[in-house]
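Structure first, then comments.
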Amino acid sequence: MTDDRTALIVVDAANVVGARPDGWWRDRAGAARRLLVQLGALERHLAQPSEVVVVIEGAAKAAVAGEQEREFGGLRVVSADGSGDDAIVDVVAVEKDGDRPITVVTADRGLRARVEALGAVTVGPRWLLALVAAESR
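According to the numbering used here, the sequence shown is numbered sequentially starting from 90.
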């Protein structure tokens, strides 16, 4: 459990992966895995202590099958049973109590409206991808 001073960043993995036309559609699990590996070092580039939750869905869930889950640093990975958007809303709803700042990374307008109604702030995938790019330099 984290305290109210630790920010929460919830990542819509499908939306972030889909923001880069790099052939992700040929290997959804591989694309999700690459994103998770990149996000494992994200905390070094954030302005305040943060917990990062990455929601994956569909075929991308194979990215965290078995032993591989340990390779993603301090990330909390949520494998959505159904809709990834619903799982993201559920995460925000559970975590919204207190003064903890919550940021959801997605470009999905419908999802943005749902989580903003719960008090979360939203940013687009470019924000996150810029931080990931800074890590690879």
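Even glycine gets a Cβ: it sits at the ideal position worked out from N, Cα and C.
Being a predicted model, the structure only gives us computed values, none of them experimental.
Around the Cβ of residue i, are there at least 16 other Cβ atoms within 10 angstroms (buried) or fewer (exposed)?
i: TRP216; result: exposed
i: ASP174; result: buried
i: PRO138; result: exposed
i: THR95; result: exposed
i: ALA223; result: exposed
i: ARG203; result: buried
i: GLU205; result: exposed
i: LEU135; result: exposed
i: ALA219; result: exposed
i: ALA120; result: buried
i: GLU158; result: Here GLU158 scores only 49 on pLDDT, less than 50, and its place in the model should not be relied on; the value that follows carries that caveat. Classification of GLU158: exposed, given that the 10 Å Cβ count is below 16.
Hey, could you find the ends of the alpha helix (DSSP H) residue i is sitting in?
i: GLU132; result: Neither: GLU132 is in no alpha helix (DSSP H) and is coded neither H nor E.
i: ALA108; result: No alpha helix (DSSP H) contains ALA108, which DSSP labels as neither H nor E.
i: GLU205; result: 198–205
So what does residue i bridge to, in DSSP terms?
i: THR192; result: ILE98, VAL210
i: GLY172; result: Checking the sequence, you will find Ser at residue 172 rather than Gly. Answer is none; SER172 lacks a bridge partner.
i: LEU140; result: Here residue 140 is Glu; the residue named in the question, Leu, does not match the sequence. DSSP output for GLU140 lists LEU97 as bridge partner(s).
i: ILE177; result: In the DSSP output, where bridge partners are listed per residue, ILE177 has none listed.
i: ARG165; result: VAL142
Do residue i and residue j have their C-beta atoms closer together than 8 Å?
i: VAL183; j: VAL167; result: no
i: THR192; j: VAL221; result: no
i: VAL105; j: PRO214; result: yes
i: ALA196; j: ALA130; result: no
i: ARG117; j: ALA148; result: yes
i: VAL181; j: LEU207; result: yes
Please classify residue i: does DSSP put it in a helix, a strand, or coil?
i: ALA103; result: helix
i: LYS185; result: coil
i: ALA154; result: coil
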